[in-house]
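Participant:
2 protein chains.
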Amino acid sequence: MKIKEQAEENKICPLEAAVNTISGKWKIPIVWQIHEGKKRPSEFLRGIAKVDRRVLNQHLNEMVEDGILVKQVFNELPPRVEYSLTELGEKLVKILWHLNDWGKLLIHEDSKV
Amino acid sequence: MKIKEQAEENKICPLEAAVNTISGKWKIPIVWQIHEGKKRPSEFLRGIAKVDRRVLNQHLNEMVEDGILVKQVFNELPPRVEYSLTELGEKLVKILWHLNDWGKLLIHEDSKV
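In order, the protein sequence lines correspond to chains A and B. Position one of the first sequence corresponds to residue 39 (our numbering), numbered consecutively onward. Position one of the second sequence corresponds to residue 39 (our numbering), numbered consecutively onward.
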């Protein structure tokens, strides 16, 4: 809802909406971790050294709200929470692969200077 | 040079290098403006309402250093400065188109909630 409202109010273009959505400091690493098979917040915390729990939860909530992630809560003791990528999230992963390839060119380009 | 050093020191992955490189607040809008045929800093200033000249120049310098843009200085009076995309910059534009398409899905997804 947030993004739709922003798009309507400020006439932002889809590219801007996309960039805004993934620009949280740890959002791309989170997508990557889930893509690599991790599911639980505790695993993300281990995988992303510098993030703290509060920021991680905030990012996860926003990404669920934006339709990139799905949250599943299992009725167990202790309670288990898992996140997975939606179809939209999987599409983002494909673009991140392109961006990863571009990053390789960038590092290579840089080493020529 | 900066990115290469970062990549070696922190073992950052190409994706992280890519995201770091384009994460300056106005860098994607600048790439877009140049892609649309604009060349001169004064045109970028008109095209990106909220950016100030100092930040714009800083972004432009970093993007030249990273190999995304080329700066040309024409020996005229008044002096004329133009920026254009390198091959690497053109490749970034292609990925931004993918991201733009993804942004459309995102806005659409959002309107379903």
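Ideal Cβ placement from N, Cα and C applies to all residues, glycine included.
Does DSSP put residue 61/B in a helix, in a strand, or in coil?
Facilitator: If DSSP states are grouped into helix, strand and coil, residue 61/B belongs with coil.
Participant: Is there a Cβ from chain A that is less than 8 Å from the Cβ of residue 133/B?
Facilitator: Closer than 8 Å to some Cβ of chain A, the Cβ of residue 133/B qualifies, so yes.
Participant: So, helix, strand or coil for residue 76/B, using DSSP?
Facilitator: Three-state result, residue 76/B: coil.
Participant: Using a 10 Å radius around the Cβ and a threshold of 16 neighbouring Cβ atoms, would you call residue 48/B buried or exposed?
Facilitator: Any reading at residue 48/B needs caution, since the residue's pLDDT is 47, under 50, leaving its predicted position unreliable; the model's value is listed next. Residue 48/B is exposed by the Cβ-count criterion.
Participant: So if DSSP puts residue 122/A in a beta bridge, which residue, or which two residues, is it bridged to?
Facilitator: Residue 122/A is bridged to 108/A.
Participant: Listed from N- to C-terminal order along the chain, which residues in the stretch 63-88 of chain A have their beta-carbon within a distance smaller than 9 Å of any beta-carbon of chain B?
Facilitator: Residues 66, 67, 70.
Participant: For residue 57/B, which option in 99/A, 52/A, 61/A, 109/A has the closest C-alpha, if you only look at C-alpha atoms?
Facilitator: Among 99/A, 52/A, 61/A, 109/A, the Cα nearest to that of residue 57/B is on 61/A.
Participant: Identify which residue in 78/A, 54/A, 85/A has its Cα closest to the Cα of residue 108/A.
Facilitator: With distances taken between Cα atoms, residue 108/A lies closest to 78/A.
Participant: Rounding to the nearest angstrom, what Cα-Cα distance links residue 51/A and residue 124/A in this structure?
Facilitator: Roughly 22 Å separates the two Cα atoms.
Participant: For chain A, check one thing: does any of its Cβ atoms lie closer than 8 Å to the Cβ of residue 138/B?
Facilitator: Yes, because at least one Cβ of chain A sits closer than 8 Å to the Cβ of residue 138/B.
Participant: Specify whether the stretch 134-145 of chain A and the stretch 66-84 of chain B touch according to this definition: at least 3 beta carbon pairs, one from each stretch, less than 8 Å apart.
Facilitator: Result no; under three Cβ-Cβ pairs closer than 8 Å.
Participant: Residue 64/A and residue 94/A: beta carbons closer than 8 Å?
Facilitator: Contact: yes.
Participant: Return no unless some Cβ of chain A is closer than 8 Å to the Cβ of residue 115/B.
Facilitator: No, no contact with chain A.
Participant: Can a CB atom of chain A be found closer than 8 Å to the CB of residue 126/B?
Facilitator: So, interface residue.
Participant: Taking Cβ-Cβ distances shorter than 7 Å, what residues in chain B pair up with residue 147/A?
Facilitator: Correct list: 105, 126.
Participant: Just to make sure I have the definition right: I need the residues of chain A whose C-beta is within less than 8 Å of the C-beta of residue 61/B. Which are they?
Facilitator: Near residue 61/B (Cβ distances below 8 Å), the residues of chain A are 61.
Participant: State the DSSP-derived secondary structure class of residue 89/A, mapped to helix, strand or coil.
Facilitator: Coil, per DSSP.
Participant: Give the secondary structure of residue 84/A by DSSP, where H, G and I count as helix, E and B as strand, and everything else as coil.
Facilitator: DSSP places residue 84/A in helix when its eight states are reduced to three.
Participant: Should residue 53/A go down as buried or exposed, given a rule of 16 or more other Cβ atoms within 10 Å for buried?
Facilitator: Per the 10 Å Cβ criterion, buried.
Participant: Where does residue 116/B fall in DSSP's three states?
Facilitator: Coil, per DSSP.
Participant: Counting only beta-carbon atoms, is residue 93/A nearer than 8 Å to chain B?
Facilitator: False, the Cβ-Cβ gap to chain B never drops below 8 Å.
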